[in-house]
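When the sequence shown is numbered by our numbering, its final residue is 278 and no position is left out of the sequence of numbers.
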Amino acid sequence: MITLYDIPCTKPEVCWSPNVLKTRLCLEVKGLPFTTEWIEYPDIEATCKKVGAQPTRNREDGSPYYSCPFIIDSTTGKVVADSWEIALYLDETYPDAPRLIPLGQKASIRVFSVHVQTKLFPALFPYNGIQTVAVLNPASQTHFRWARALESRGKTLESRREEASWEKVVETFDGLERLAKLNETDSFSNGWFVGSEITWADIVVCACLAWVRGLHGADSQLWKDLEGLNGGRWAKFLEQADTLTKGKNINSAK
(Lines of atoms letter the chains of each structure in order from A and count residues from 1; the text may use other names and numbers.)
(Lines give C-alpha, C1' and ligand atoms only; values in the text may rest on other atoms or scores of the structure.)
Protein backbone atom coordinates (compact mmCIF):
# COMPACT_ATOMS: atom_id res chain seq x y z
CA MET A 1 0.00 0.00 0.00
CA ILE A 2 1.17 3.51 -0.81
CA THR A 3 0.74 6.35 1.67
CA LEU A 4 0.45 9.84 0.15
CA TYR A 5 1.23 12.80 2.37
CA ASP A 6 -1.07 15.77 1.71
CA ILE A 7 -1.91 19.12 3.34
CA PRO A 8 -5.40 19.44 4.87
CA CYS A 9 -7.71 22.42 4.76
CA THR A 10 -11.00 23.46 6.33
CA LYS A 11 -12.93 21.80 3.50
CA PRO A 12 -13.20 18.17 4.64
CA GLU A 13 -11.56 15.67 2.29
CA VAL A 14 -10.83 18.35 -0.32
CA CYS A 15 -7.46 18.15 -2.04
CA TRP A 16 -6.24 21.57 -3.10
CA SER A 17 -2.42 21.55 -3.36
CA PRO A 18 -1.39 21.54 -7.04
CA ASN A 19 1.77 19.54 -6.45
CA VAL A 20 0.01 16.89 -4.41
CA LEU A 21 -2.81 16.82 -6.95
CA LYS A 22 -0.27 15.74 -9.56
CA THR A 23 0.71 12.70 -7.51
CA ARG A 24 -2.88 11.94 -6.54
CA LEU A 25 -3.88 11.81 -10.21
CA CYS A 26 -0.80 9.73 -11.07
CA LEU A 27 -1.88 7.11 -8.55
CA GLU A 28 -5.44 7.15 -9.87
CA VAL A 29 -4.29 6.79 -13.49
CA LYS A 30 -2.11 3.81 -12.62
CA GLY A 31 -4.88 2.27 -10.55
CA LEU A 32 -2.68 1.89 -7.47
CA PRO A 33 -4.40 1.73 -4.08
CA PHE A 34 -3.27 4.39 -1.63
CA THR A 35 -4.19 6.11 1.58
CA THR A 36 -3.79 9.76 2.54
CA GLU A 37 -1.87 10.99 5.57
CA TRP A 38 -2.72 14.62 6.36
CA ILE A 39 0.01 16.87 7.80
CA GLU A 40 0.00 20.59 8.51
CA TYR A 41 2.63 22.87 6.96
CA PRO A 42 4.74 23.33 10.14
CA ASP A 43 5.04 19.55 10.48
CA ILE A 44 6.23 18.78 6.95
CA GLU A 45 9.98 19.14 7.53
CA ALA A 46 10.00 17.10 10.73
CA THR A 47 7.85 14.39 9.17
CA CYS A 48 10.07 14.20 6.09
CA LYS A 49 13.16 13.80 8.25
CA LYS A 50 11.43 11.17 10.38
CA VAL A 51 10.40 8.96 7.44
CA GLY A 52 13.46 9.64 5.28
CA ALA A 53 11.95 11.83 2.57
CA GLN A 54 14.60 13.95 0.88
CA PRO A 55 14.36 17.74 0.48
CA THR A 56 13.03 18.73 -2.94
CA ARG A 57 15.29 21.77 -3.39
CA ASN A 58 17.35 24.33 -1.51
CA ARG A 59 16.24 27.78 -0.48
CA GLU A 60 18.20 30.85 -1.57
CA ASP A 61 20.16 30.72 1.69
CA GLY A 62 21.18 27.14 0.93
CA SER A 63 18.97 25.49 3.55
CA PRO A 64 17.04 22.38 2.50
CA TYR A 65 13.38 22.78 1.55
CA TYR A 66 11.01 19.92 2.41
CA SER A 67 7.61 19.77 0.81
CA CYS A 68 4.59 17.69 -0.07
CA PRO A 69 3.97 15.45 -1.82
CA PHE A 70 5.99 12.51 -0.67
CA ILE A 71 5.00 8.88 -0.57
CA ILE A 72 5.88 5.76 1.37
CA ASP A 73 5.47 2.52 -0.56
CA SER A 74 5.13 -0.30 1.95
CA THR A 75 5.55 -2.88 -0.82
CA THR A 76 9.09 -1.77 -1.63
CA GLY A 77 9.98 0.21 1.48
CA LYS A 78 10.80 3.22 -0.68
CA VAL A 79 10.19 6.84 0.37
CA VAL A 80 10.00 9.26 -2.56
CA ALA A 81 9.53 13.04 -2.55
CA ASP A 82 8.69 15.50 -5.38
CA SER A 83 5.82 14.87 -7.78
CA TRP A 84 8.06 14.38 -10.84
CA GLU A 85 10.33 11.93 -9.02
CA ILE A 86 7.26 10.08 -7.75
CA ALA A 87 5.93 9.75 -11.30
CA LEU A 88 9.27 8.32 -12.45
CA TYR A 89 9.29 5.92 -9.51
CA LEU A 90 5.74 4.72 -10.18
CA ASP A 91 6.49 4.01 -13.84
CA GLU A 92 9.66 2.12 -12.96
CA THR A 93 8.16 0.15 -10.08
CA TYR A 94 4.76 -0.59 -11.62
CA PRO A 95 5.48 -0.94 -15.37
CA ASP A 96 2.36 -3.02 -16.04
CA ALA A 97 0.07 -0.16 -15.02
CA PRO A 98 -0.59 2.66 -17.54
CA ARG A 99 2.56 4.70 -18.11
CA LEU A 100 2.65 8.29 -16.97
CA ILE A 101 5.67 9.12 -19.12
CA PRO A 102 5.74 7.25 -22.44
CA LEU A 103 8.99 5.54 -23.33
CA GLY A 104 11.27 7.80 -25.29
CA GLN A 105 9.40 10.97 -24.34
CA LYS A 106 10.79 11.77 -20.90
CA ALA A 107 12.77 14.82 -22.06
CA SER A 108 9.99 16.40 -24.13
CA ILE A 109 7.35 15.85 -21.45
CA ARG A 110 9.69 17.24 -18.80
CA VAL A 111 10.25 20.38 -20.90
CA PHE A 112 6.50 20.81 -21.30
CA SER A 113 5.82 20.38 -17.58
CA VAL A 114 8.49 22.94 -16.68
CA HIS A 115 6.88 25.34 -19.16
CA VAL A 116 3.52 24.90 -17.42
CA GLN A 117 5.13 25.34 -14.00
CA THR A 118 6.86 28.56 -15.01
CA LYS A 119 3.95 30.07 -16.96
CA LEU A 120 0.59 28.80 -15.73
CA PHE A 121 1.39 28.48 -12.03
CA PRO A 122 2.62 32.10 -11.68
CA ALA A 123 -0.37 33.38 -13.64
CA LEU A 124 -2.80 31.66 -11.27
CA PHE A 125 -0.96 32.13 -7.98
CA PRO A 126 -2.04 35.76 -7.32
CA TYR A 127 -5.64 34.49 -7.26
CA ASN A 128 -4.90 31.31 -5.35
CA GLY A 129 -2.32 32.41 -2.80
CA ILE A 130 -4.60 34.51 -0.63
CA GLN A 131 -7.42 31.99 -1.09
CA THR A 132 -5.13 29.27 0.24
CA VAL A 133 -4.83 31.10 3.55
CA ALA A 134 -8.61 31.42 3.66
CA VAL A 135 -9.08 27.64 3.53
CA LEU A 136 -6.01 26.43 5.47
CA ASN A 137 -6.35 25.32 9.05
CA PRO A 138 -5.02 27.87 11.57
CA ALA A 139 -1.98 25.68 12.25
CA SER A 140 -0.77 26.20 8.67
CA GLN A 141 -1.80 29.77 7.87
CA THR A 142 1.15 31.59 9.43
CA HIS A 143 3.68 29.15 7.98
CA PHE A 144 2.21 29.48 4.49
CA ARG A 145 2.38 33.27 4.65
CA TRP A 146 5.98 33.14 5.90
CA ALA A 147 7.11 30.70 3.22
CA ARG A 148 5.49 32.61 0.36
CA ALA A 149 6.93 35.91 1.58
CA LEU A 150 10.38 34.32 1.78
CA GLU A 151 10.27 33.12 -1.82
CA SER A 152 8.90 36.45 -3.14
CA ARG A 153 11.39 38.70 -1.33
CA GLY A 154 8.90 39.92 1.24
CA LYS A 155 5.77 40.43 -0.84
CA THR A 156 2.54 39.74 0.99
CA LEU A 157 -0.17 37.56 -0.47
CA GLU A 158 -2.43 40.61 -0.50
CA SER A 159 0.03 42.61 -2.58
CA ARG A 160 0.47 39.73 -4.98
CA ARG A 161 -3.31 39.53 -5.35
CA GLU A 162 -3.31 43.18 -6.40
CA GLU A 163 -0.84 42.26 -9.13
CA ALA A 164 -3.16 39.59 -10.55
CA SER A 165 -3.60 39.86 -14.30
CA TRP A 166 -6.51 38.11 -15.97
CA GLU A 167 -4.93 39.01 -19.31
CA LYS A 168 -1.87 36.96 -18.29
CA VAL A 169 -4.10 34.01 -17.42
CA VAL A 170 -5.89 34.22 -20.77
CA GLU A 171 -2.61 34.57 -22.65
CA THR A 172 -1.17 31.51 -20.92
CA PHE A 173 -4.19 29.33 -21.66
CA ASP A 174 -4.25 30.58 -25.25
CA GLY A 175 -0.66 29.37 -25.58
CA LEU A 176 -1.59 25.97 -24.17
CA GLU A 177 -4.51 25.74 -26.57
CA ARG A 178 -2.20 26.34 -29.52
CA LEU A 179 -0.06 23.45 -28.33
CA ALA A 180 -3.08 21.22 -27.80
CA LYS A 181 -4.35 21.94 -31.31
CA LEU A 182 -1.10 20.67 -32.78
CA ASN A 183 -1.97 17.23 -31.44
CA GLU A 184 -5.56 17.44 -32.66
CA THR A 185 -4.32 16.90 -36.19
CA ASP A 186 -3.71 13.31 -35.12
CA SER A 187 -6.84 11.17 -34.98
CA PHE A 188 -5.64 9.44 -31.81
CA SER A 189 -5.26 12.53 -29.58
CA ASN A 190 -8.49 12.07 -27.54
CA GLY A 191 -8.04 15.63 -26.27
CA TRP A 192 -4.74 14.94 -24.51
CA PHE A 193 -1.45 16.68 -25.23
CA VAL A 194 0.49 13.51 -26.03
CA GLY A 195 -1.11 10.54 -27.77
CA SER A 196 -4.40 8.87 -26.94
CA GLU A 197 -3.95 8.41 -23.18
CA ILE A 198 -3.38 10.82 -20.32
CA THR A 199 0.29 11.42 -19.51
CA TRP A 200 2.33 13.57 -17.14
CA ALA A 201 1.97 16.46 -19.61
CA ASP A 202 -1.80 16.43 -19.09
CA ILE A 203 -1.54 15.79 -15.37
CA VAL A 204 0.40 19.00 -14.66
CA VAL A 205 -2.27 21.05 -16.47
CA CYS A 206 -5.10 19.19 -14.74
CA ALA A 207 -3.48 19.84 -11.37
CA CYS A 208 -3.43 23.60 -11.99
CA LEU A 209 -7.08 23.54 -13.04
CA ALA A 210 -8.09 21.44 -10.03
CA TRP A 211 -6.07 23.80 -7.82
CA VAL A 212 -8.45 26.62 -8.76
CA ARG A 213 -11.57 24.48 -8.46
CA GLY A 214 -10.53 23.03 -5.10
CA LEU A 215 -9.70 26.38 -3.51
CA HIS A 216 -12.46 28.56 -4.92
CA GLY A 217 -15.19 26.01 -5.58
CA ALA A 218 -16.95 24.96 -8.75
CA ASP A 219 -19.55 27.69 -8.25
CA SER A 220 -17.01 30.52 -7.92
CA GLN A 221 -16.75 33.26 -10.52
CA LEU A 222 -13.06 32.53 -11.08
CA TRP A 223 -13.77 28.90 -11.95
CA LYS A 224 -16.66 29.91 -14.20
CA ASP A 225 -14.38 32.34 -16.00
CA LEU A 226 -11.79 29.59 -16.52
CA GLU A 227 -14.48 27.21 -17.74
CA GLY A 228 -15.37 29.68 -20.45
CA LEU A 229 -11.85 30.06 -21.86
CA ASN A 230 -10.99 28.64 -25.27
CA GLY A 231 -14.49 27.44 -25.99
CA GLY A 232 -14.75 25.46 -22.76
CA ARG A 233 -11.69 23.36 -23.56
CA TRP A 234 -10.26 23.34 -20.03
CA ALA A 235 -13.51 22.46 -18.29
CA LYS A 236 -13.83 19.47 -20.63
CA PHE A 237 -10.16 18.65 -20.11
CA LEU A 238 -10.58 18.43 -16.33
CA GLU A 239 -13.89 16.57 -16.64
CA GLN A 240 -12.13 13.96 -18.75
CA ALA A 241 -9.49 13.55 -16.04
CA ASP A 242 -12.18 13.33 -13.35
CA THR A 243 -13.58 10.24 -15.07
CA LEU A 244 -10.36 8.42 -14.19
CA THR A 245 -10.98 8.74 -10.45
CA LYS A 246 -13.63 6.06 -9.96
CA GLY A 247 -16.72 8.25 -9.77
CA LYS A 248 -15.14 11.06 -7.71
CA ASN A 249 -13.13 13.98 -8.96
CA ILE A 250 -9.48 14.89 -8.60
CA ASN A 251 -10.20 17.20 -5.67
CA SER A 252 -11.84 14.48 -3.60
CA ALA A 253 -9.92 12.38 -1.10
CA LYS A 254 -12.94 10.26 -0.16
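For glycine and all other residues, C-beta sits at the position ideal for the given N, C-alpha and C.
With a 10 Å radius around the Cβ and a threshold of 16 neighbouring Cβ atoms, R184 comes out buried.
In this structure, the straight-line span from the alpha carbon of E191 to that of D249 is close to 12 Å. Per the DSSP secondary-structure output, R81 pairs in a beta bridge with Y89.
For Q155, the number of other beta carbons within 10 angstroms of its own is at least 16, and it is reported as buried. W62 carries a strand assignment under DSSP once its states are collapsed to helix, strand and coil.
DSSP places V44 inside the alpha helix (DSSP H), whose first and last residues are 42–54. Under the 8 Å Cβ criterion, the region 130–150 does not count as touching the region 76–89, having fewer than three qualifying pairs.
In the three-state reduction of the DSSP assignment, L28 falls in the strand class.
K102 and I227 have their C-alpha atoms spaced approximately 23 Å apart. Put simply, the backbone Cα of F94 is about 15 Å away from that of T100. With a contact defined as Cβ atoms closer than 8 Å, G55 and A121 qualify at about 6 Å. Here A131 is exposed. Its C-beta has fewer than 16 other C-beta atoms within 10 Å. With respect to E61, Y29 sits close: the two C-beta atoms are nearer than 7 Å.
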